[in-house]
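Asker: Residue numbers (the numbering used here), protein chains in the order written: chain G, 1 to 150; chain E, 1001 to 1150; chain V, 2001 to 2150; chain D, 3001 to 3150. The beta carbon of each residue, even a glycine, is placed where N, CA and C say it ideally should be. Note that the structure is a prediction, hence the values are computed from the model and not measured.
Number of protein chains: 4
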Amino acid sequence: MLDKSDIRKLVEDVTARSGFTRSIGARVVAVESGHVAIALDRRPDLLQFNDYFHGGVIAALADHAAGAAVTTALPASKIGVTIGLHLNYLAPARGEALIAKARAIQVGSTIGVAQVDIMTVIDGIEHPCAVALVTLRAVDMSGGSRTSRP
Amino acid sequence: MLDKSDIRKLVEDVTARSGFTRSIGARVVAVESGHVAIALDRRPDLLQFNDYFHGGVIAALADHAAGAAVTTALPASKIGVTIGLHLNYLAPARGEALIAKARAIQVGSTIGVAQVDIMTVIDGIEHPCAVALVTLRAVDMSGGSRTSRP
Amino acid sequence: MLDKSDIRKLVEDVTARSGFTRSIGARVVAVESGHVAIALDRRPDLLQFNDYFHGGVIAALADHAAGAAVTTALPASKIGVTIGLHLNYLAPARGEALIAKARAIQVGSTIGVAQVDIMTVIDGIEHPCAVALVTLRAVDMSGGSRTSRP
Amino acid sequence: MLDKSDIRKLVEDVTARSGFTRSIGARVVAVESGHVAIALDRRPDLLQFNDYFHGGVIAALADHAAGAAVTTALPASKIGVTIGLHLNYLAPARGEALIAKARAIQVGSTIGVAQVDIMTVIDGIEHPCAVALVTLRAVDMSGGSRTSRP
């Protein structure tokens, strides 16, 4: 069971307790209700053969930030589970870090939508490398997400 | 420089030489012109907090299989680079493995599109867990993918 | 209130009673549980400036067929309302007609997903011109779709 | 052949000369390089059975505005042709008009991407009803768009 009384702690807990987000080094940069930024640093095991961040890493970071942004805006008993993920890649992610900045643009009783700007940090300057629209379903936390069919 | 004279070897090379696909344990299951299947096995570092495969891992595998499927169908000097990635998640990916089966449904001089069925393997039986449409741009191999702006 | 006791009649009713689908000449070609095909014929007011079917007409037909396919697979009291629409355009829609063939690939208690193949008919032969993935929310018919926030 | 020396005239010409955009009453609201707003007014033949604007009309307007926004940012000899269209519907489009506000977020030599906010106007106030990401291919104007395979 997750505790949503402190939304920053919630996002940090989910990020640290999920094997995949922990393994790619995702770290929470900023959390407000409906807005979450998550970053990770360049490592050889996150790149594709041309030494840019792999598109799958970008997709994963966008997905995670979107889920966190929508969850912070849902009632305390609900968590957002991704049902649709759409990304456009805009430029090579060649920097030393990635930051995904998600904001919830629609939060209803069953569906939430987040828009995510993904930036690559080159010499300390953020450059857009992808943009995403993520669709989530609100599920009861106690039941566990994705346990039942959507 | 990649060698496309043997398309299976090409796909295995790209999968093995890319830090991220190697680190998540992606392995080539099948390669034909325009059709590629890539799998990976369950590991704690690929899961989300509810112990299903993370959506980002599913997205990464779909992206990689799509790129391979389109690249095998392009002329020898060209490689497909993802510019758009869309997934619908259909069911929890709770199995012991994932398989992404991609087929090129459109291959032109500048754009390719692949459709991907992502299955989770539960007790040896494949169950659909996601479906994807991936849009790629054909770029010259020598120039390196994503080097120049799309 | 719509009657779902006869699913073909339901799809024909919704197609005929919706101002837009009627105005573009959409006609029901085939209906089975989870599968619906909807067609329309070429007319000058459905084209873009290069005399192919406009992408918006293709999107509308795909959306309508997807909604019908998912609705036929939902319980009698529920109807599918589109929350996400994704299309890839594969080839110019230059034929004398369009056919959208939708099948429900996931139907749950709150979410449905349909995959749609859109064909253009050239001299009587169907050629793929687009493919779509459509995400729908199941809403109670009596309440009216899209009345409340999703 | 289209004349791009005056980008507002270009957008108005394409909007007026395309059978479909003319038939749905699309009108140009604003044009700057990389930014285009297109609107249309409520009419019975643009609605679905619940009397909201049909999702296909929203998709068409988004597609058209995106194409115009990217085309205004391309070199004079090029026009943007949609290859991918993604929309999330956020709220019922119940107003007296629709406005699609598109901006080019990436423009390269072969690919352009536009982000579109679609608003419904209720008693003169704009409310978001959908958001879109549209992927376009840059093609030579003289060759006609979508003539050759992408």
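#1: Does G:I24 come within less than 8 Å of chain V when only Cβ atoms are used?
#2: On the DSSP letters alone, give me the boundaries of the alpha helix (DSSP H) that G:G25 sits inside.
#3: Name the two residues that bound the continuous alpha helix (DSSP H) containing V:R2017.
#4: Count the other CB atoms within 10 Å of the CB of V:D2006; is the residue buried (16 or more) or exposed (fewer)?
#5: Return yes when the Cβ of V:A2138 is within less than 8 Å of the Cβ of V:K2078, no when it is not.
#6: Give me the Cα-Cα distance between D:A3091 and E:L1040, rounded to the nearest whole angstrom.
#7: Should G:L40 be counted as a contact of the ligand FMN given a C-beta to heavy atom distance under 7 Å?
#8: Return yes when the Cβ of V:A2130 is within less than 8 Å of the Cβ of V:A2062, no when it is not.
#9: Taking a cut of 8 Å between CB atoms, which residues from the stretch 1079-1109 of chain E lie near chain D?
#10: DSSP state of G:A66, grouped into three classes?
#11: Interface residues of chain D around G:Q115 at Cβ under 8 Å?
#12: Using a Cβ cut-off of 7 Å, pull out every chain V residue sitting near D:V3014, in sequence order please.
#13: I need the DSSP call for E:A996, collapsed to helix, strand or coil.
#14: Cutting at 7 Å between CB atoms, please list the residues of its own chain near E:L1047, excluding the five before and the five after it.
#15: With 8 Å set as the bound, which would you pick, yes or no: does the beta-carbon of V:G2124 sit closer than that to a beta-carbon of chain D?
#16: Is it buried or exposed for D:R3042, if we count other Cβ within 10 angstroms and need 16 for buried?
#17: Excluding the 5 residues preceding and the 5 following V:L2085 in the sequence, name in chain order all residues of the same chain whose CB lies nearer than 6 Å to its CB.
#18: Which residues share a DSSP beta bridge with E:G1124?
#19: May I have the straight-line CA-CA distance separating G:V31 from D:G3095, to the nearest angstrom?
#20: Quick check on DSSP: helix, strand or coil for V:S2148?
#21: Taking only the alpha-carbon atoms, compute the straight-line gap between E:D1013 and E:T1021 and give it to the nearest angstrom.
#22: Which residues mark the beginning and the end of the beta strand (DSSP E) in which V:A2100 is found?
#23: Any C-beta of chain G within less than 9 Å: which residues of the stretch 1029-1049 of chain E qualify?
#24: How many Å lie between E:L1098 and E:R1008 at the Cα?
#25: So D:I3105 packs on D:V3113, CB below 8 Å; how close in whole Å?
#26: What do you get for E:V1029, buried or exposed, if any count of 16 or more other CB atoms within 10 angstroms of its CB means buried?
#27: Is D:G3056 near V:A2059, with beta carbons less than 8 Å apart?
#28: From D:T3110, D:L3087, D:D3140 and D:M3141, pick the residue whose C-alpha is nearest to that of D:D3117; which is it?
#29: Looking at C-alpha atoms only, which residue of D:A3132, D:T3072 and D:M3141 is the closest neighbour of V:I2083?
#30: Considering only the beta carbon of each residue, do V:A2093 and V:A2065 sit closer than 8 Å?
#31: As a quick exercise: from V:H2035, V:N2050 and V:S2023, pick the residue whose alpha carbon is nearest that of V:V2011.
#32: My assumption, with CB atoms under 8 Å, is that V:G2108 sits in contact with D:P3044. Please give the rounded CB distance.
#33: Using 8 Å for Cβ pairs, my map puts V:S2033 next to V:A2073. What's the rounded Cβ distance?
#34: Taking the straight line between their C-alpha atoms, what separation do you get for D:A3037 and D:I3111?
#35: In the DSSP assignment, the beta strand (DSSP E) including G:G80 goes from what residue to what residue?
#36: Determine the burial state of D:I3024: buried for a count of at least 16 other Cβ atoms within 10 Å of its Cβ, exposed for fewer.
Answerer: So, from the listed chains and residues:
#1: no
#2: It is not in any alpha helix (DSSP H) - G:G25 carries neither H nor E in the DSSP assignment.
#3: I2007 to R2017
#4: exposed
#5: yes
#6: 39 Å
#7: The ligand FMN is not among the ligands present in this structure, which contains no ligands whatsoever.
#8: yes
#9: I1083, G1084, H1086, Q1106, G1108 and S1109
#10: helix
#11: V3131
#12: F2049
#13: Because chain E is modelled from 1001 through 1150, residue 996 of chain E falls outside the range shown and cannot be assessed.
#14: F1053 and H1054
#15: no
#16: buried
#17: D2063 and V2134
#18: DSSP, once it has assigned bridges, lists no residue as partnering E:G1124.
#19: 34 Å
#20: The predicted position of V:S2148 is uncertain, since its pLDDT is 41 and thus under 50; a value taken from the coordinates is nonetheless stated next. V:S2148 falls in the coil class under three-state DSSP.
#21: 11 Å
#22: A2097 to V2107
#23: R1043, P1044, D1045, L1046, L1047, Q1048 and F1049
#24: 20 Å
#25: 5 Å
#26: exposed
#27: yes
#28: D:L3087
#29: D:A3132
#30: no
#31: V:H2035
#32: Actually they do not touch by this definition, with Cβ atoms about 34 Å apart.
#33: 6 Å
#34: 21 Å
#35: K78 to Y89
#36: buried
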